[in-house]
Structures are given as structure tokens and as C-alpha cells.
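Worksheet: one structure, shown below.
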Ligand SMILES: [Zn+2]
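Numbering (UniProt numbering), first residue to last: 1 to 429.
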């Protein structure tokens, strides 16, 4: 069995989750040799460990607990990396007291920090480029925006699901700021909301989902290019057509008009100031759409052929640094599909509470790999690397590495239209 790797930059919550899962693996492996016929001691051990982890994760998230710690910056863990006393007293605590009433959840000081960051760097830099363009500034600006885009997009992921991230008394700014920052990061106005909340979560990677991976052989590069290409070239038409096919004419009109308004704005800006528009808006726009589809492929490339409509079996969980520390626990994608309104800090807790169900449903949990590398490893058919990143749960623990590789490969199999008719009878396809 491949060892569990603990990245030193894991969040504290992820470390606790991983330790809990590793404990379950060790108990099962050790007892399998010595105490084969007794399931009860294994069960008791699992429960003890689960309850301890749940209590610790609860305390970290509960503002009334002495152990509660808000997230202030993605890169900083105040639980494990205490700051010098004077920094804490004169800088950090006043900052937290200033930010907490502004954000919607007391944990989310980090979102205030990020808005500050974008409005003190991205916005003035973009304005300056439109006033006085230089190539070096244009390139540096685009690189800066690309370094922000993952974290920003997942912050906006909470915004679109919860209709805001700030305290209700700041509703106006909360509603308006995405119109400024979204295009700077490559999002056309409101498209993330209409595509993701009103369409992707409604369909859940099922046959009517425009971003569904079902009809593709997920380890085939040509299929992947078709998937990205279709979205890239036709989503402006496909999304309104999808809403029309569901009888949601209002949503079709809104999605189309926002998208076309953005295209018209982009065309106007290109005429007014070509170079600044290319670096500030066009390059981020063209790159983000590839990134979104690479991410979606990674999130939904493993689909269990037996039950493809189960959230446990059509998505995965990642315990890794880029997805969870820097992208607001985006690795807990199954947990997110189970409850799209769940707050990002609650995902590790929900996962540990439900881990027996995850195990019984043969859900897949990986560590030390992000969605982009999941996509790369699948497309290069490197099932060994993927199997080594698997954190086995339940029956997966007794599988050999070769069995895990074969299991993962079988989950990338393309569904034919006949398969889809059988597996999704309610769709009446
Ligand atoms: Zn979502």
C-alpha cells in the first residue's frame, strides 16, 4: 500500500481528515491479520477516531468555541503558525475586528482580505493600463491576474451559491463588485451563476448537463479536446438553448443578454484601446474558459458505471493544498454536490461525519493531487500515479494497487446513449 503523504502546507482541517482516514486504514489492515473475525473492535476504533475528529473540527468552526479561528489569509494558519505577540495584538486582532462585521460569516475574514487585494492591485493596475499602456506592465498585469484567478473564482463560487459573501448591510457593494472584478479575472458578467448554479448543479453531471462528462471516454485526449472545444465555441448558444429546452425562457434571455452585452463591451473596448483590452480582459477571458473545463473534467472524470446519478459516485474528494488551502475547500466536490449551500469551512466536517456512507458508496478520495493533475494523469492514462494518490476507504482498503488501478480505469468508461437511457430512465432520453 502506498503511504499517506502529509504535505506540510495542508490546512489543519485537511490534516485532521487525513489522519482520521489513515487511522481507519491502519486499524483495518492490522486487525485483518490478527483479528479477522471480529468487526466490532474495528468499528469501535473507527467511531472513537471519528468522534474526536468531529469534535476538533466543530471547535475550529464554532465562533463560540475557545478554539475558533477565522481564516484571515489562505496561506496562513493561525492555529499552527502563531504570529509574534505584537503583530497579533496591534495588527492582526484589530484587522479581524474590522473585517468580521463586513463579511457574512465570521470565519471569512479572508474574503475581506481578498477584496482588499483586488481593489488595491487589479483595479488600479487595469485603470493605469487603459491610461498608459506599456508591454511590460501589460504582461505583468496578466500574470498577476492569472495568479489570482483560482482563489478568486472559488471565492465567487461561494458568492454565486449564497448570493453574496458580505454582511447583508453591505448588500449593494456585494452585488456590484463582481461586475468590476469578474471581467478582470476572465468571467463574463453573470455567466458563472447561470451556468453553474442554474444549470450544472440542477443537472449534476447527468445527461442534460452541458458540462457532463458521461458521453466522453475520459482518458481519451481527443474526447477531452472535443469537450473543451464545444464549450469554448458554443456555450453562448448552448446555455440559452438548454434553458429554453427546460421551459425557462426568462433564464435563457438573461443568460444570452448578459453574455452578448459582455461581447459587445469587449468589442467596443478593443476599438478604444486594443492593447490594454487584450491584456486586461481578453487573455484572462480566453484562458479562464479552458481552466474551467479542465477543472470540471477533473471533478467528474471518474463516474461509477453502476450508479452514475449518485453524487458519491459521479464526483470525487481531494485532500490537497491548491484546492483546499488556496481555493476554499474546492477539493470536497462530492460534499459540495450533496449540499451546494454548505459553507466552505464545513466541508471537512461534513466529510468526516459522512465517511462511512462515502465508503459504502465506493466514493473516491484522493490526496496530494489537484484537479488539473487529475485531468493530466487521466489523459495520460497514468492510473498507477492516480491509484497511489487514492486514500482507500471501506472495501478499497483491501484492494491491491493493480485492483485500484483497474477500478479507476473502469470509472473513466464512456456511456453510450443506450447506457444513458438505462441508467437515467427519468430523463426519458
Ligand atoms: Zn457549485
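Glycine included, every Cβ here is placed at the ideal spot set by N, Cα and C.
It should be emphasised that the depicted structure is a prediction, and the values quoted were computed from it without experimental measurement.
Check	Outcome
Residue 352 versus residue 6 - alpha carbon distance	18 Å
Residue 146 versus residue 154: straight-line alpha-carbon distance, rounded	14 Å
DSSP three-state assignment for residue 397, whether helix, strand or coil	helix
Distance between residue 258 and residue 93 (C-alpha atoms, nearest Å)	41 Å
Cβ-heavy atom distance, residue 178 to ligand 1, below 7 Å	no
Residue of 215, 185 and 235 minimising C-alpha distance to residue 118	185
Ligand 1 site residues, beta-carbon cut 6 Å against heavy atoms	157, 161, 196, 201, 336 and 340
Residue 232 - DSSP class collapsed to helix/strand/coil	helix
DSSP-derived helix/strand/coil call for residue 148	helix
Residue 369 versus residue 380 - alpha carbon distance	15 Å
Opposing strand residues paired with residue 366 [DSSP bridges]	318 and 390
Buried or exposed (CB count within 10 angstroms, at least 16 for buried), residue 198	buried
Cα-Cα separation, residue 108 to residue 100	7 Å
Pair within 8 Å by beta-carbon distance, residue 240 and residue 264	no
Strand pairing of residue 103, partner residues [DSSP]	166
Span separating the alpha-carbon of residue 387 from that of residue 396	11 Å
Exposure label - residue 64; buried when at least 16 CB within 10 Å	exposed
As assigned by DSSP and simplified to three states, the class of residue 6	coil
Test item: CB-CB of residue 72 and residue 96 under 8 Å	yes
Alpha-carbon to alpha-carbon, residue 174 and residue 200	23 Å
Nearest residue (CA-CA) to residue 161, options 308, 136 and 193	193
Beta-carbon spacing of residue 311, residue 338 below 8 Å	yes
For residue 335, the nearest candidate out of 322, 365 and 272 (CA to CA)	365
Spatial neighbours of residue 144 in its chain, beta-carbon cut-off 8 Å, leaving aside the 5 residues before and after	121, 122 and 125
Three-pair Cβ contact test at 8 Å for the segment 212-228 versus the segment 295-303	yes
Three-state secondary structure (DSSP) of residue 263	helix
Extent of the continuous alpha helix (DSSP H) run through residue 337	333-338
Touch test, the segment 74-88 against the segment 124-143, Cβ-Cβ under 8 Å, three pairs minimum	no
Coarse secondary structure for residue 409, derived from DSSP in three states	helix
Those runs of the alpha helix (DSSP H) which lie wholly inside the segment 195-250 and span at least 4 residues	221-245
Anticipated Cβ contact below 8 Å, residue 424 with residue 309, distance rounded	6 Å
Beta-carbon separation (whole angstroms), residue 151 vs residue 74, contact threshold 8 Å	6 Å
Residues near residue 53 by beta carbon distance below 6 Å, same chain, minus five either side	16, 20 and 352
Cβ-Cβ distance between residue 343 and residue 315 below 8 Å	no
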